[in-house]
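Let me begin by presenting the structure, written as structure tokens, before commenting on it.
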Amino acid sequence: MTNPITVIGDPASAWLTACALARFLAEPDSITVVETAPAAPLQWVLRPDMEKLHRSLGLDIRQIPGGEPVGVYEVLGREIPLSPFGAPLQGVAFQHVWVRAAEAGETHSLWAFNAKSSSAGLCRVGTASYASALERIARGAGVKDGVEVDPEHLIINAGSSPEADAAKGAGIALSQNDFSAPATASLAAHRLHLGLKALIKCGLGDTSVDPQRLALTRRLSSFDDHFDTFIALLGPHPDTSSHRAQSWRDLGRVIPVDDDPFTAAEWIAALLHAGVTPQNYHSLSLRFSRDELMGHMDACAARSPLNV
Amino acid sequence: MVDTRLHQNVVILGGGTAGWMTAAGLASLLGSTGISVTLVESEAIGIVGVGEATLPHLRFFNQSIGINELEFMAATRATVKLGIEFVDWGRKGDSYIHPFGDYGLPNDGIGFHHFWRKFANGAGPICDYSLPVLMAREGKFAPPSSDDRSVLSTYRFAYQMDATAYAPFLRKHAEQRGVTRIEGRVVSVQRADNGDIASIGLESGETVAGDLFIDCSGFKGLLIEEALETGYEDWTQWLPCDRAVAVACEHAGPLLPYTRATAREAGWQWRIPLQHRTGNGHVYCSAFLDDQDAEDRLVQSLEGRPIAQPRQLRFTTGKRRKLWNRNCVAIGLSGGFLEPLESTSIYLIQQGITYLAELFQATGRVETAQNEYNRMMDLEFDRIRDFLLLHYVATERDDTPFWRAMRAATLPDSLQEKIELFKTSGQVETYDHGLFLEPSWVAVYLGQRVTPDSYDPRVDQFPGQETRNRLAGLKTHMAKATAGLPSHADWIARNCPAPEDLAVA
């Protein structure tokens with residue numbers, strides 16, 4: 001018998017969280033969902049790595065009305081693709097080849113070599129339809145809804161909204177990032193999914209200071225930091241002096257870090273939006289002749305016909 | 309196009325394992341860029357020959373530079389290593405193997421030990437579900453299967469080798485790829501106006517200039533410390549062992565495919581079986597045991613007749629404050645030292661070479677590459693340190709002053725939290741970068757009696773009797789698979805025996 005849980009958040013966040021809890025961690029009838037109203041009709045972008053969770057919940061996102069595959073998602077009006085920039089040449093990462101080719105006369109920007117392919121697996125859905133589909137699953141399993149937060153319950157704050165903020169500190173807040181505005185809403189599902197995976201792995205824990213809860217908090221906080229860094233790069237005043245930006249500019253390197261929520265292509269896109277382009281290249285690029293470089297550029301550009 | 313590269317001439321100082329691995333690695337990985345690699349060494353200076361026991365990663369390094377595995381094994385009189393047996397660590401009389409491989413089979417991202425904790429606890433140790441442990445105990449070996457569905461794909465292997473033979477083997481390989489070797493002892497280091505190293509002067513009067521210097525000069529750190537005064541982070545407050553004595557002996561008994569680390573009164577003792585001899589050593593803390601005592605205890609415990617005089621080593625556990633400082637990169641013992649309890653010395657050399665090759669820019673600001681290199685290497689050192697320390701603190705031993713002191717030691721927060729998390733939930737705090745994945749932590753926790761109070765709740769969704777039956781079936785299947793393998797000694801004799809002249813050397 002699990003202790004009663006109240007999940008609070010905007011409908012999509014709250015029902016997805018309730019579904020995951022009911023599936024993996026708690027008795028469904030011990031879970032109550034308290035919805036907060038979404039600030040505006042939002043669109044979320046579901047990533048391909050959410051497919052496993054959806055499948056385990058019995059949700060086929062192709063059946064969600066209005067859902068559509070997309071090649072990019074937008075944050076603060078900036079396009080972020082999942083598909084890679086160009087292709088490596090004999091094991092050398094594309095950006096190094098591109099900088100070297102630029103010395104030899106290549107004029108296209110790196111963006112010209114991203115196909116922004118919808119086959120990368122991104123799917124845009126309206127939060128209302130997504131929440132409805134999840135609510136049906138959760139209710140079918142025995143999850144209830146409520147209108148007030150019971151302070152005796154373990155409170156899980158699934159989303160960011162003023163009402164949900166009020167519950168922070170009394171339980172588990174899956175994210176400190178705010179995705180309630182349309183400009184950042186496309187990151188909401190990704191952040192929530194990461195939070196849920198961490199919650200499922202770490203477990204609920206008994207108190208706010210037990211080792212499981214501390215491990216969960218650390219992991220969530222690490223995600224929050226990465227999201228903050230990512231969003232800041234897309235904002236009006238990006239920090240281009242950070243080690244991440246310097247490594248990209250000076251080394252053409254997307255630095256490897258623990259708990260990284262984003263792919264190399266996403267970081268590259270964010271850094272390019274921040275105005276940071278690689279200036280230097282790896283020594284291995286020196287071995288390519290001008291013909292090899294230009295031939296490779298042409299081949300990569302041909303795979304991204306819409307951009308060139 | 310104009311060649312504006314940052315580093316055209318690389319000079320490596322020191323010709324031990326680190327030096328020749330670096331030379332062979334850079335020449336193979338970056339040779340096509342036209343860099344020049346020069347190695348300076350003096351035959352008059354002995355090598356420490358770190359790391360007779362290795363980790364599976366070395367296989368990939370050797371492959372990446374084009375080394376034939378069986379030729380390498382024959383030349384270094386290598387045997388196979390499937391893991392490390394830890395004796396007397398949790399309690400006196402205990403024994404477990406930290407295997408190079410997984411427990412059980414993959415299951416939806418849930419660690420096997422959670423299933424074992426719920427369904428099989430009491431029905432035998434978790435080692436019964438580890439193929440490399442079963443193989444090691446039975447003295448069996450065959451290379452892993454490439455079929456992911458096969459239980460014979462669930463392990464990896466490393467080597468137990470004569471490290472003093474590895475450097476000469478690599479030297480041939482490196483020289484074939486254009487590395488220039490200069491014999492000579494360094495007597496001076498010349499600095500450029502900006503403080504970088506400009507050249508090194510040899511006893512012969514010759515000067516060797518370079519753009520980038522790799523310090524593989526061993527503990528002294530002739531360039532990174534004596535010339536550049538980089539500084540050293542001393543970690544003896546966590547890992548206080550500071551001496552080792554080593555001696556080889558004749559074989560006694562079968563050729564075992566694993567290393568043994570036996571906890572002793574003030575440290576621990578290694579045993580590493582090679583084709584032609586057994587390497588032995590005693591790592592200890594000089595605050596609790598004097599050198600002669602340590603040597604006597606080692607010699608008295610040998611399984612065979614000693615074939616050399618014991619050799620003493622002194623070290624300070626820790627690392628340089630910057631492993632890449634100015635135009636000098638410290639690789640090997642010059643960069644830092646962590647006791648060889650988990651055979652990490654050669655791994656750290658390998659990672660140093662790998663990161664250096666990754667960051668080998670043709671153009672740009674060197675400072676950014678330095679920062680990134682140091683960040684990645686610091687991570688490697690920190691994570692290995694925590695894992696080594698776990699062996700000393702996850703213990704019930706309090707029978708000597710040394711063990712009582714270790715039990716009372718203050719742990720880094722990062723490790724304390726990891727241990728508490730495992731105790732309460734069976735969860736292993738994992739990371740994406742650095743050595744030692746979940747099965748390694750599980751091996752040491754469970755092997756040293758850190759038992760979890762709980763398990764992953766997702767395991768409750770698996771049907772009880774069916775899962776128990778599956779585990780029992782898996783155990784039987786692994787035992788049968790092990791029984792069907794050739795003996796390790798036979799596999800060595802058939803595939804990579806040391807040439808006669810080496811075997812008797």
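Chains as they are written, first to last, in our numbering: chain R, 1 to 308; chain P, 309 to 813. Where is the CB? At the ideal position from N, CA and C, for every residue including glycine. All values reported here derive from a predicted model rather than from experimental measurement.
Per DSSP, which residues does residue i bridge with? Please list them.
i         : result
Pro407(P) : Gly391(P)
Pro88(R)  : Beta-bridge pairing links Pro88(R) to no other residue.
Asn633(P) : Cys636(P)
Ile508(P) : Val497(P), Val516(P)
Gln43(R)  : Gly126(R)
Pro628(P) : Correcting the residue type first, residue 628(P) is Arg in the shown sequence and not Pro. The partner list for Arg628(P) (beta bridge, DSSP) reads Tyr540(P).
His590(P) : Val553(P), Gln577(P)
His282(R) : Gln669(P)
Phe521(P) : Val319(P), Cys636(P)
Asn157(R) : Ile8(R), Ala173(R)
Could one say the Cβ of residue i lies closer than 8 Å to chain R's Cβ atoms, at least one of them?
i         : result
Gln735(P) : yes
His741(P) : yes
Ile800(P) : no
Thr662(P) : no
Phe689(P) : no
Gln669(P) : yes
Glu680(P) : yes
Glu728(P) : yes
Taking the alpha-carbon positions, what's the residue i to residue j distance?
i         : j         : result
Ala264(R) : Phe394(P) : 40 Å
Glu27(R)  : Ala37(R)  : 26 Å
Asn157(R) : Ile8(R)   : 5 Å
Gly126(R) : Cys636(P) : 55 Å
Gly492(P) : Pro476(P) : 17 Å
Pro364(P) : Gln371(P) : 12 Å
Ser13(R)  : Cys300(R) : 39 Å
Glu51(R)  : Lys726(P) : 30 Å
Gly432(P) : Asp456(P) : 26 Å
Gly58(R)  : Ala141(R) : 11 Å
Leu272(R) : Phe85(R)  : 11 Å
Tyr540(P) : Leu531(P) : 13 Å
His237(R) : Thr184(R) : 16 Å
Asp601(P) : Thr708(P) : 15 Å
Pro451(P) : Phe465(P) : 8 Å
Pro11(R)  : Gly417(P) : 28 Å
Ala702(P) : Ala716(P) : 11 Å
Using a cut-off of 9 Å between C-beta atoms, extract the partners of residue i located in chain R.
i         : result
Gln659(P) : Residues of chain R passing the Cβ test: none, with the nearest at roughly 13 Å.
Ala677(P) : Ser247, Asp250, Leu251, Arg253
Hey, is residue i's beta-carbon within less than 8 Å of any beta-carbon in chain P?
i         : result
Phe179(R) : no
His296(R) : no
Ser247(R) : yes
Arg253(R) : yes
Arg55(R)  : no
Pro211(R) : yes
Leu110(R) : no
Phe24(R)  : yes
Asn280(R) : yes
His243(R) : yes
At 7 Å on the CB atoms, spell out the chain R contacts of residue i, in chain order.
i         : result
Arg673(P) : Asp250
Thr341(P) : Ser283, Leu284, Leu286, Arg287
Could you list which residues in chain P have their beta carbon closer than 7 Å to that of residue i, in chain order?
i         : result
His190(R) : The contacting residues do not exist; His190(R) stays about 17 Å from chain P at best.
Gly203(R) : Ser733, Pro765
Leu214(R) : Glu725
Cβ closer than 8 Å: which chain P residues qualify as neighbours of residue i?
i         : result
Phe262(R) : Going along chain P, no residue has its Cβ under 8 Å from Phe262(R), so there is no contact; the nearest lies around 13 Å.
Ile200(R) : Arg766
Check the Cβ of residue i against every Cβ in chain R and list those closer than 8 Å, keeping chain order.
i         : result
Leu338(P) : Ser283, Leu284
At 9 Å on the CB atoms, spell out the chain P contacts of residue i, in chain order.
i         : result
Pro256(R) : Met684, Asp740, His741
Asp259(R) : Tyr739, Asp740
Which ranges would you report for the beta strand (DSSP E) in the stretch 46 to 118 of chain R if only whole runs of at least 3 residues count?
68 to 70, 72 to 75, 78 to 81
Residue ranges of each beta strand (DSSP E) run of no fewer than 3 residues wholly in the stretch 564 to 588 of chain P, ordered along the chain?
567 to 572, 575 to 581
May I have a chain-ordered list of the alpha helix (DSSP H) segments no shorter than 4 residues that lie completely inside the stretch 315 to 385 of chain P?
325 to 338, 365 to 372, 377 to 383
Could you give the uninterrupted runs of the alpha helix (DSSP H) lying entirely in the stretch 197 to 247 of chain R, keeping only those of 4 residues or more?
211 to 234, 243 to 246
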